[in-house]
Amino acid sequence: MLSDELESGATDEQQGTSDEQGQPLPINSSSTATERVNQSSAATDEQEERYCWVCFATEEDDKFAPWVQPCNCRGATKWVHQSCLKRWIDEKQKGNPYKSISCPQCQTEYIIILPSMGSFAFMLERLDIIAKQLSPCVAAGAIVCSIYWSAITFGAVTVLQTTGFERGLLILEQAEPLALLVCLPAIPAALVLGRMIRWEDMVLRMLQNTQYNIRKYPVISFMLPVTNEPTPSYPEPFPNNSINASEPLSVTRIFCGALMLPTVSTIVGKMFFKSIKNDLHRTLLGGFAFVAIKGVLKIYFHQKKHNRAKQRNILDYTQENIRKYGFRSQHLQQLQQQHQHLHQMANERAAQQPQAIANVGDEAGSGDNQRPRP
10 MLSDELESGA TDEQQGTSDE QGQPLPINSS STATERVNQS SAATDEQEER
60 YCWVCFATEE DDKFAPWVQP CNCRGATKWV HQSCLKRWID EKQKGNPYKS
110 ISCPQCQTEY IIILPSMGSF AFMLERLDII AKQLSPCVAA GAIVCSIYWS
160 AITFGAVTVL QTTGFERGLL ILEQAEPLAL LVCLPAIPAA LVLGRMIRWE
210 DMVLRMLQNT QYNIRKYPVI SFMLPVTNEP TPSYPEPFPN NSINASEPLS
260 VTRIFCGALM LPTVSTIVGK MFFKSIKNDL HRTLLGGFAF VAIKGVLKIY
310 FHQKKHNRAK QRNILDYTQE NIRKYGFRSQ HLQQLQQQHQ HLHQMANERA
360 AQQPQAIANV GDEAGSGDNQ RPRP
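10 is the number of the first residue of the sequence shown in this note's numbering; add one for each residue after it.
What follows is the structure in structure tokens.
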């Protein structure tokens with residue numbers, strides 16, 4: 010009886026899979042396969058061992074450390090400790106908590122949530138950010154103001170120095186404040202700009218372009234020495250940039266020379282123009298004399314260097330020329346080699362001295378041990 014009931018139940022179940030007309034119902038195989046794949050992947054994820062890519066630790070090393078999966082990475086770089094990732098993000102942000110950080114492997118931006126600190130703390134944070142943004146502007150303004158007031162002070166001192174103390178003080182008192190604020194800073198600026206004009210080079214270039222005709226003028230010939238070579242049919246042109254290349258523009262030299270010009274002009278005026286009673290005229294004459302003499306000497310020096318470079322000659326590499334002209338260089342090389350040898354010997358002696366002292370100490374200790382006791 011029991012076996013008959015089981016057989017009838019199995020028959021009813023098989024008939025239930027068919028419709029009323031006796032045809033079997035279709036089975037959704039794709040949905041079943043997808044569910045199986047998801048279940049297998051979930052089981053694999055649960056069974057996969059977590060591995061922190063920052064500290065290279067696993068779950069067995071620290072079972073209580075919280076883990077996080079912050080990006081789309083798969084495999085070994087998928088999991089990371091919460092504390093390790095925070096420490097790594099702190100190193101990348103460098104004190105800026107609002108800087109966005111991305112994964113170094115998949116370039117996925119991390120979702121970082123900052124808890125609220127309260128309205129008062131938020132206001133303090135905003136004030137700190139504003140102060141950091143305004144600090145460069147305030148510093149630049151302070152530097153500009155310092156330079157401006159320094160220029161005003163230098164201009165006032167220059168006026169007192171060139172016109173005399175009493176007259177200069179009277180001029181400053183009677184002048185309009187706005188005129189002083191504009192004119193006094195313009196004095197050092199004008200001195201620097203005037204120092205940047207290299208009029209000596211322009212005069213030298215003009216004279217060198219006509220250097221084969223200046224023998225008619227003895228004064229210019231003495232100031233601008235030329236060779237006694239005959240005028241060639243195709244004279245060698247003077248390079249336009251050789252003067253500037255030989256002496257490049259120096260900012261510090263221009264600045265110092267421009268600021269020292271009023272003082273030097275006053276000293277030269279008092280030394281060579283004592284008969285002139287007007288302080289301003291005496292200072293101006295002293296300045297013109299100083300600039301003119303300096304320019305003439307500079308022109309003479311540059312022309313001598315140009316003649317030397319023009320008359321240089323490259324000799325053949327022969328034993329006679331080496332003995333005749335290479336003695337100095339060889340002598341310098343020998344001196345340099347001797348100096349290096351002496352320096353090396355001194356280093357070796359310094360290295361051997363501690364070892365010798367240690368050996369002497371060891372010998373003294375062994376002698377004490379071998380000395381017969383009374």
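For glycine and all other residues, C-beta sits at the position ideal for the given N, C-alpha and C.
Item	Value
Segments of 4+ residues assigned as alpha helix (DSSP H) that fall wholly inside the region 255-337	260-281, 288-319, 328-334
Between the CA atoms of Ser159 and Val8 - distance to the nearest angstrom	What the structure shows of the chain is the stretch from 10 to 383, and residue 8 is not part of that stretch, so it cannot be assessed.
Under the three-state DSSP convention, the category Ser109 falls into	coil
beta-carbon Asn322 near the ligand MG non-hydrogen atom, thresh 8 Å	Among the components of this structure there are no ligands whatsoever, and the ligand MG is therefore not found.
Which of helix, strand or coil DSSP assigns to Glu118	strand
Rounded straight-line distance, which links the Cα of Phe65 to that of Ala85	10 Å
Test item: CB-CB of Leu187 and Ala165 under 9 Å	no
Start-to-end residues for the alpha helix (DSSP H) that takes in Cys93	91-102
9 Å Cβ cutoff met for Tyr119 and Ser125	no
Environment of Trp5 [buried if 16+ CB atoms lie within 10 Å]	Beyond the ends of the chain as shown, which are 10 and 383, falls residue 5; an answer cannot be given.
Ala199: first and last residue of the uninterrupted alpha helix (DSSP H) it sits in	186-205
According to DSSP, residues forming a beta bridge with Trp76	His90
Integer Cβ distance of Val77 from Val63, believed to fall under 8 Å	With 8 Å as the limit, Val77 and Val63 do not qualify as a contact, their Cβ atoms being about 11 Å apart.
Cross-strand partners of Thr67 (DSSP beta bridge)	Tyr60
Buried versus exposed, by CB contacts within 10 Å (16 or more), Leu351	exposed
Span separating the alpha-carbon of Thr327 from that of Gln349	29 Å
Residues near Ile263 in its chain [Cβ-Cβ closer than 8 Å; skip 5 each side]	Val201, Arg204, Met205
C-alpha distance - Glu69 paired with Asn105, whole-angstrom precision	34 Å
Thr275 beta carbon less than 9 Å from that of Thr162	no
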